[in-house]
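To start, the structure itself, in structure tokens.
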Amino acid sequence: MAKKPASIGNLNYEQALAELEEIISKLENEPSGLERSVTMFERGKAIIQHCQKLLDSAELKVRQLEENGSMSPIEE
Amino acid sequence: MLDYSSEFAYQIYSVSDLNAYIRALLESNENLMDIWVTGEVSNLSKPRSGHIYFTLKDEDASVRCVIWRVHANRLAGAFYDGMRVEVHGYISVYEGGGQYQLYVDGIRAAGEGRLYQEFLLLKEKLAAEGIFEENRKRPIPSQPKFIGIVTSPTGAALQDMLNTLLVRFPMAEVVLSPASVQGEAAPTQIVKALERLNKLVHPDVILIGRGGGSLEDLWAFNDEQVVRAVAASEAPVISGVGHETDFTLTDFAADQRAPTPTGVAVMAVPDINDIKTALSAWYLLLDRTMNNVLDQKRSKLIERKNRLDILSPGWQIKQCMQRLDNSSLRMDYLVNQYFLQKRQQLELAEGKIISFNPRYVLGRGYALVEDKNGSVITTIKQVQLDQDISVYVSDGTISADVTEIKEKE
């Protein structure tokens, strides 16, 4: 966590969930300052909201792999 | 011509007897009891009775066939006029029409028997190589991001899979690697489609399948090259070919087998509603963890506050005052105790003094004798004959003379 945390909007679902797990584990096991704890908590909440948004807005992407190896979208 | 004179030398049958005799003859022939016959269905008739009647024919011949209702109900698959079939049953005679018939208890599309033989042989061979072993099967990732599909781009199977994925797990990205799934070209196309997916897309899981059809329609999925390609796939494979009851060698080689294409998609991905529920659980967990953190900080604060209170002058003054109060109380107690003790001693002494008073003794009949000088006489040596003495009793004095002195023997 020494490195600057990534912008939440750029996290994909798996990354978001992984960071959420990390935040909870840190809150549980590594005592730190109140301000830092609150910052982590707020980030955790924002990550969950981001995940919810990802789930709600997910649209199945379907593409077709052509014989020449190119990909083309499929209209449903 | 017949010689009528010899007519009594012959046994004469009734028509019924004749037909019964022939029926018994046919029914007792081992070859005819349990026989497979191939031909084309014609004159198919399904009356309300539930029995099925048809004629089985080839270019030169035909035979009447009957399927009794009990068998008709359980015979799988529709069959129709002009269809080439293989039927199983026994030969007997319809005595009413003098006609022998094939009584059918099993029917399948022509060629299925041969296909089935091939199927069993190939299955045995591949099983011996260990291709179907359980320990070769890989786990399916719980939330696959990239999903490869190998099926026909125009088939119902693709629509079934996509619809299911859309509803259950729309976060996935799907790549269709198209292949025709029936016909001569199908096996090669399926193998190439699998290879392309593995090489170019590296999906987390590959779904392969097609909808229901005849055994021949599904045959591509029993092709040796297809089965080997499925077993060798880099990504784990879930297969669903045909219906619940259809099993292909691809199903055996796949890491998971589903009964239908829809089932394949269900097996491949979790339900987004479950994930949303799990996310709510995460929310609760985060909340609770934060509350724990705050509780810890709060109790540390309280502890420090207590320690600070101890150090404050006000608290110390209170402490001193309390100590003072304690001392004062103790002092009062000790003083009281002292006087109580003295009072008791005094009362005790008083009792003793009373008992020592000579008057108290005189009251009990004793007497006190003094000479005229007031000395108490305690021995005969203090007195002489005719000496005046005073005898004190409880209520007065008696003056007396000593008239005799006797020493105690």
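Sequence lines, in order, name chains A and B.
Numbering-wise (my numbering), the first sequence opens with residue 46 and increments by one.
Numbering-wise (my numbering), the second sequence opens with residue 818 and increments by one.
For each residue, glycine too, the CB sits at the ideal point set by N, CA and C.
* Specify the secondary structure class of Val1086 of chain B as computed by DSSP and reduced to three states. => Look at Val1086 of chain B here: in three-state DSSP terms it is coil, with no helix or strand label.
* Pull up the DSSP beta-bridge partners for Tyr1100 of chain B, would you. => Beta-bridge annotation (DSSP): Tyr1100 of chain B is not paired with any residue.
* Asked: Closest to Ile964 of chain B by CA distance: which of B:Ser994, B:Lys1169, B:Ile869 and B:Arg1176 is it?
  -> Considering only alpha carbons, the answer is B:Ser994.
* Given that a residue counts as buried once 16 or more other Cβ atoms are within 10 Å of its Cβ, and exposed if not, what is Trp1036 of chain B? -> Buried, since its Cβ has 16 or more Cβ neighbours within 10 Å.
* Please classify Gly1026 of chain B: is it buried, with 16 or more other beta-carbons within 10 angstroms of its beta-carbon, or exposed? => Taking every protein chain shown into account, the CB of Gly1026 of chain B has 16 or more other CB atoms within 10 angstroms, so this residue is buried.
* Asked: Taking 8 Å as the CB-CB cut-off, is Leu1011 of chain B touching chain A?
  -> With 8 Å as the cut-off, Leu1011 of chain B does not count as an interface residue toward chain A.
* **Cα-Cα separation, Tyr897 of chain B to Asp1088 of chain B** => When rounded, the distance between both Cα atoms is 42 Å.
* Rounded to a whole number of angstroms, what is the C-alpha to C-alpha distance between Leu932 of chain B and Lys1009 of chain B? -> Cα-Cα distance, rounded: 24 Å.
* In angstroms with no decimal places, state the Cα-to-Cα distance between Ala812 of chain B and Asp1203 of chain B. => As displayed, chain B neither begins before 818 nor continues past 1226, which places residue 812 of chain B out of reach and without an answer.
* Beta-carbon proximity of Ala1095 of chain B to Ala1070 of chain B, cut-off 8 Å -> Cβ distance not < 8 Å, so Ala1095 of chain B and Ala1070 of chain B don't count as in contact.
* To do: Report the residue from B:Ile1007, B:Asn1123, B:Ile948 and B:Glu935 whose alpha carbon sits nearest the alpha carbon of Pro970 of chain B.
  => Of the candidates B:Ile1007, B:Asn1123, B:Ile948 and B:Glu935, the one whose C-alpha sits nearest the C-alpha of Pro970 of chain B is B:Ile1007.
* Using a Cβ cut-off of 8 Å (strictly closer), state whether Gln109 of chain A contacts chain B. => Interface residue, yes.
* Among B:Ile1197, B:Val1210, B:Val1208 and B:Ile1215, the one whose alpha carbon lies nearest that of Glu1224 of chain B -> For Glu1224 of chain B, the closest of B:Ile1197, B:Val1210, B:Val1208 and B:Ile1215 by C-alpha to C-alpha distance is B:Ile1197.
* Asked: What residue range is occupied by the uninterrupted beta strand (DSSP E) comprising Tyr1263 of chain B?
  -> Chain B is shown only over 818 to 1226; residue 1263 of chain B falls outside these bounds and no answer can be derived.
* Kindly say whether Leu73 of chain A, judged by its beta-carbon, lies nearer than 8 Å to any beta-carbon of chain B. => Strictly speaking, residue 73 of chain A in this sequence is Glu, with Leu absent from that position. Yes, Glu73 of chain A lies at the interface with chain B (some Cβ there is under 8 Å from its Cβ).
* Whole beta strand (DSSP E) elements within the stretch 841-890 of chain B, 3-residue minimum -> Restricting attention to beta strand (DSSP E) runs no shorter than 3 residues, the stretch 841-890 of chain B encloses them at 852-862, 869-874 and 879-884, ordered along the chain.
* Going along chain B, which residues have a C-beta under 9 Å from Gly114 of chain A? -> Those are Arg1013, Lys1016 and Leu1017, listed as they occur along chain B.
* To do: Would you verify that the beta carbon of Leu56 of chain A is, or is not, closer than 8 Å to some beta carbon of chain B?
  => Taking Cβ atoms only, chain B never reaches closer than 8 Å to Leu56 of chain A, which makes this a no.
* To do: Pick helix, strand or coil for Lys106 of chain A, following the three-state DSSP scheme.
  => In the three-state reduction of the DSSP assignment, Lys106 of chain A falls in the strand class, which pools E and B.
* Asked: Do Pro956 of chain B and Ala1085 of chain B have their C-beta atoms closer together than 8 Å?
  -> No, Cβ-Cβ distance for Pro956 of chain B and Ala1085 of chain B is not below 8 Å.
* Which two residues bound the contiguous beta strand (DSSP E) that contains Tyr830 of chain B? -> Counting along the chain, Tyr830 of chain B falls outside any beta strand (DSSP E), and DSSP gives it neither H nor E.
* Residues near Thr872 of chain B by beta carbon distance below 8 Å, same chain, minus five either side -> Within the same chain, Thr872 of chain B has close Cβ partners Val858, Ser859, Asn860, Ser879, Val880, Arg881 and Cys882.
* To do: Specify, as a first and last residue, the run of the beta strand (DSSP E) that Ile1215 of chain B falls within.
  => Gly1213 to Asp1218 is the extent of the beta strand (DSSP E) around Ile1215 of chain B.
* **Beta-carbon contacts of Asp1040 of chain B that lie in its chain and below 6 Å, excluding the five residues immediately before and after** => Cβ-Cβ distances below 6 Å link Asp1040 of chain B to Pro1004 in the same chain, with the five nearest sequence neighbours on each side left out; the list follows chain order.
* When we look at the beta-carbon of Val1110 of chain B and count the other beta-carbons within 10 Å, is it buried (16 or more) or exposed? -> Sixteen is the threshold: when 16 or more other Cβ atoms of the shown chains lie within 10 Å of the Cβ of Val1110 of chain B, as they do, the residue is buried.
* Could you have a look at Gln1201 of chain B and say whether DSSP puts it in helix, strand or coil? => In the displayed model, Gln1201 of chain B falls within coil according to three-state DSSP, outside both helix and strand.
* Taking only the alpha-carbon atoms, compute the straight-line gap between Ala926 of chain B and Val1043 of chain B and give it to the nearest angstrom. => Each residue's alpha carbon lies about 24 Å from the other.
* **Residues that DSSP places opposite Phe963 of chain B in a beta bridge** => For Phe963 of chain B, the pairing in a beta bridge is given by DSSP as B:Glu990.
* Delimiting residues of the beta strand (DSSP E) encompassing Ala51 of chain A -> In the DSSP assignment, Ala51 of chain A falls outside any beta strand (DSSP E) and carries neither an H nor an E.
* Asked: On the premise that Ala1075 of chain B lies in contact with Gly1057 of chain B, defined as a C-beta separation below 8 Å, what is that separation, rounded to the nearest angstrom?
  -> About 4 Å separates the beta carbon of Gly1057 of chain B from that of Ala1075 of chain B, a gap short enough to meet the 8 Å contact definition.
* Asked: Leaving out five residues before and five after Asp875 of chain B in sequence, what residues of the same chain have Cβ atoms less than 6 Å from its Cβ?
  -> The residues are Gly856.
* Cβ of Ser1207 of chain B within 8 Å of Cβ of Glu1187 of chain B? -> Yes.
* Own chain, CB closer than 6 Å to Trp885 of chain B, minus 5 neighbours either side, in chain order -> Cβ contact annotation for Trp885 of chain B (same chain, cutoff 6 Å, sequence separation greater than five): His868, in chain order.
* To do: Step through the CB atoms of chain A and report whether any lies within less than 8 Å of the CB of Met988 of chain B.
  => So yes, Met988 of chain B belongs to the interface.
* Return helix, strand or coil for Glu903 of chain B, following the three-state DSSP convention. => In the structure shown, the three-state DSSP call for Glu903 of chain B is strand.
* To do: Report the option in B:Leu943, B:Gln1199 and B:Leu982 whose CA atom is closest to the CA atom of Thr1065 of chain B.
  => Thr1065 of chain B has its Cα closest to that of B:Leu943, out of B:Leu943, B:Gln1199 and B:Leu982.
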